[in-house]
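**Student:** Residue numbers for the sequence shown follow the working numbering, beginning at 30 and rising by one. Glycine included, C-beta positions come from ideal geometry on N, C-alpha and C. Since this is a predicted model, take the numbers as computed values, not measurements. Pasting a structure below so you can have a look.
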Amino acid sequence: MPAAPRARQLRRDKTVFSLLMNVVRLHLEEDDRLARQPQLRDFPDAELLQLQQVADQWLGLAIAYIMQKHKCPMPTALRVIGEVQADLKASIPAAEVRAVPLSAVLELPAELQGR
30 MPAAPRARQL RRDKTVFSLL MNVVRLHLEE DDRLARQPQL RDFPDAELLQ
80 LQQVADQWLG LAIAYIMQKH KCPMPTALRV IGEVQADLKA SIPAAEVRAV
130 PLSAVLELPA ELQGR
């Protein structure tokens, strides 16, 4: 059985980096909306639900990619994805992440849908 991938190794993987940056961007947008409208925590609107759903889709793609590429089980992929995501949030300035247009991450490319 191959060794589990390391977070540092995955951060250098352009595919993982790109997928998780989309997740981080969507989480920032979600946090911004919740800060402006705290009532959405208890009663999310369609826009907030869409942000959460698309973030979950990008995350699912990243997990599937890692499981397939590194032939590791889901719990391992989840653990390293969490580490990489936390590292990205801590090391990349929020302003830089916000520079990515929301419209660019709100829709998965057609070729990625249905995987």
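Classify residue 66 as helix, strand or coil using the three-state DSSP reduction.
**Tutor:** coil
**Student:** Along the chain, which unbroken stretches of the alpha helix (DSSP H) at least 4 residues long are found entirely within the segment 48-102?
**Tutor:** Within the segment 48-102, complete alpha helix (DSSP H) segments of at least 4 residues are found at 75-99, given in chain order.
**Student:** Counting along the chain, where does the alpha helix (DSSP H) carrying residue 129 start and finish?
**Tutor:** Premise fails: residue 129 is in no alpha helix (DSSP H) and is neither H nor E.
**Student:** Roughly how far, in whole angstroms, is the beta-carbon of residue 54 from the beta-carbon of residue 134, given that I think they are within contact range, below 8 Å?
**Tutor:** 5 Å
**Student:** Within this structure, are the beta carbons of residue 78 and residue 52 separated by less than 7 Å?
**Tutor:** no
**Student:** Buried or exposed for residue 95, going by 16 or more other Cβ atoms inside 10 Å?
**Tutor:** buried
**Student:** Just to confirm, are residue 86 and residue 137 a CB contact at a threshold of 7 Å?
**Tutor:** yes
**Student:** Taking C-beta to C-beta, are residue 63 and residue 69 nearer than 7 Å?
**Tutor:** yes
**Student:** Short check: CB of residue 33 to CB of residue 105, under 7 Å?
**Tutor:** yes
**Student:** Leaving out five residues before and five after residue 118 in sequence, what residues of the same chain have Cβ atoms less than 7 Å from its Cβ?
**Tutor:** For residue 118, where only same-chain residues beyond five positions count, the Cβ hits under 7 Å are 53.
**Student:** Where do the N-terminal and C-terminal ends of the alpha helix (DSSP H) with residue 40 fall, by residue?
**Tutor:** 36-40
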